[in-house]
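Worksheet for the structure shown next.
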Amino acid sequence: MSNDFYTTSIFPHAGMIIKICRAYTDTQEDFEDYYQEVCLQIWRSREQFRGESKWSTWIYRLSLNICLTLIKKKKNNRQHTNSNHLPIEAVDENHSFTDESLNLLYDAIRQLSEIDRAVILLYLEEKPYEIIADIIGTSPNNIAVRITRIKERLKKRLDGKVN
């Protein structure tokens, strides 16, 4: 991947990619692997961008799909091996992220279903309901209801943990 492509086409959206990768990983090592894989796949797939949506929307969809694919591969690998996997709580201390309240939020987001994680991340990116609905493949009204329910669940999980 050329530095020019990364600088002009990926780096401006790095924050969004980081949020997606962070929401779908339990360890710093997995986060770094996912981020690297997303960037590589964006570079490999750049010729497939048809301009039917904004570049940022395309990157979001691609990032989300890559993370979901990696999760499925990881689950399949776990089922085929008898390795001991530490629960999220035990692995969490390996994160190098420093903001404790942000860590608590991401922990709560990680406990959501894969689709709900995607919805809330798009909401946190301040994407309009229409764009979220387009990416997820549902109606804006469904997204509005889903976001309300997700926020309620996150609030319950975070009550008493965040000041």
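Here the numbering used here runs 325 ahead of the position in the sequence shown, where the first position is 1.
Glycine included, each C-beta is placed from N, C-alpha and C at the ideal position.
Every value quoted in this text rests on a predicted model; they were computed, and no experiment measured them.
In the three-state reduction of the DSSP assignment, T352 falls in the coil class. Residue I367 holds the alpha-carbon nearest to the alpha-carbon of Y331 among I367, L446 and I396.
By the beta-carbon neighbour count (other beta carbons within 10 angstroms, threshold 16), V470 is exposed. Annotation for T473: the continuous alpha helix (DSSP H) segment containing it runs P465 to L483.
F374 sits in coil when the DSSP states are folded into three classes, being neither helix nor strand.
Minimum Cα-Cα distance from I384 among the listed residues E477, V363, N402 and Y448 corresponds to V363.
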